[in-house]
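Quick note: the sequence shown uses the working numbering, first residue 213, plus one each step.
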Amino acid sequence: MGVEFNLYELIKKGGIINNICGNDVMSVYKDISNKISCPSYIDHQELYSELCSRETMISTAIGNGFSIPHPTHPLIKNAGDQQVTLCYLENEIEMSAFDGKPVSVMFVILTENQNEHLAILQTLAKNLQNNDFKELLKRKPTLGEIEAFITGTNA
Numbered sequence: 213m214g215v216e217f218n219l220y221e222l223i224k225k226g227g228i229i230n231n232i233c234g235n236d237v238m239s240v241y242k243d244i245s246n247k248i249s250c251p252s253y254i255d256h257q258e259l260y261s262e263l264c265s266r267e268t269m270i271s272t273a274i275g276n277g278f279s280i281p282h283p284t285h286p287l288i289k290n291a292g293d294q295q296v297t298l299c300y301l302e303n304e305i306e307m308s309a310f311d312g313k314p315v316s317v318m319f320v321i322l323t324e325n326q327n328e329h330l331a332i333l334q335t336l337a338k339n340l341q342n343n344d345f346k347e348l349l350k351r352k353p354t355l356g357e358i359e360a361f362i363t364g365t366n367a
């Protein structure tokens with residue numbers, strides 16, 4: 213997979229949402245779907261249904277308190293609208309992660325097609341292998357702090 217996306221730019225488009233409410237995955241997805249900023253052609257109820265549908269297949273929890281929810285089918289119509297929304301949950305939730313840890317941080321990925329989805333997922337996974345990045349995320353950084361970390365500059 214030759215394409216690597218700039219994670220900062222994707223999060224800049226999707227934004228950061230704090231205090232996502234819910235005591236289980238479906239109620240968390242409902243709150244995310246209501247709060248997420250996405251292109252106007254995406255129906256928030258459809259996004260909710262797609263996130264829930266994907267979660268029923270297999271958990272999107274990846275361990276260490278992180279999850280990467282995404283729709284079952286691409287909802288983005290233009291590559292320029294692709295985004296990653298960083299969500300911080302008000303309460304940790306159980307999502308059957310392989311390590312047994314509850315989830316407190318989610319990256320909601322919205323892409324145009326399967327190939328783009330896999331490339332963005334690869335970029336995100338590469339960044340999440342970095343322990344310093346994981347620690348930064350757990351401190352609820354600003355967008356500027358994320359940019360500084362990813363680009364290697366000081367905020």
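Ideal Cβ positions, reconstructed from N, Cα and C, are used throughout, including at glycine. Here the structure is a predicted model, which is why all the values come from computation and not from measurement.
- Three or more pairs of CB atoms, one per stretch, sit closer than 8 Å, so the region 272-279 contacts the region 304-312.
- Taking a contact as a CB-CB distance under 8 Å, the pair residue 317 and residue 364 does not count as one, their CB atoms being some 22 Å apart.
- When DSSP states are grouped into helix, strand and coil, residue 278 belongs to the strand group.
- By the C-beta density criterion, residue 294 is buried, having at least 16 other C-beta atoms within 10 angstroms.
- Per DSSP, the unbroken alpha helix (DSSP H) holding residue 219 starts and ends at 219-226.
- A direct Cα-to-Cα measurement between residue 243 and residue 257 gives close to 11 Å.
- Uninterrupted beta strand (DSSP E) stretches at least 3 residues long and entirely within the region 223-270 occur at 228-232, given in chain order.
- Here residue 315 really is in contact with residue 279; their C-beta atoms are around 5 Å apart, less than 8 Å.
- Listed in chain order, the non-local C-beta contacts of residue 285 below 7 Å within the same chain comprise 262, local neighbours out to five positions each way being set aside.
- When 250, 300, 303 are compared, the shortest CA-CA separation from residue 289 is found for 250.
- Around the beta carbon of residue 245, 16 or more other beta carbons sit within 10 angstroms, so the residue counts as buried.
- Taking C-beta atoms as the reference points, residue 301 and residue 232 count as a pair closer than 8 Å.
- Within the same chain, 300 come within 6 Å of residue 352 by CB-CB distance, once the 5 residues on both sides are set aside.
- A straight-line Cα-Cα distance of about 21 Å links residue 269 and residue 336.
- Counting the other Cβ atoms within 10 Å of the Cβ of residue 304 gives fewer than 16, which makes it exposed.
- Ranking 313, 248, 282, 235 by CA distance to the CA of residue 330 puts 282 first.
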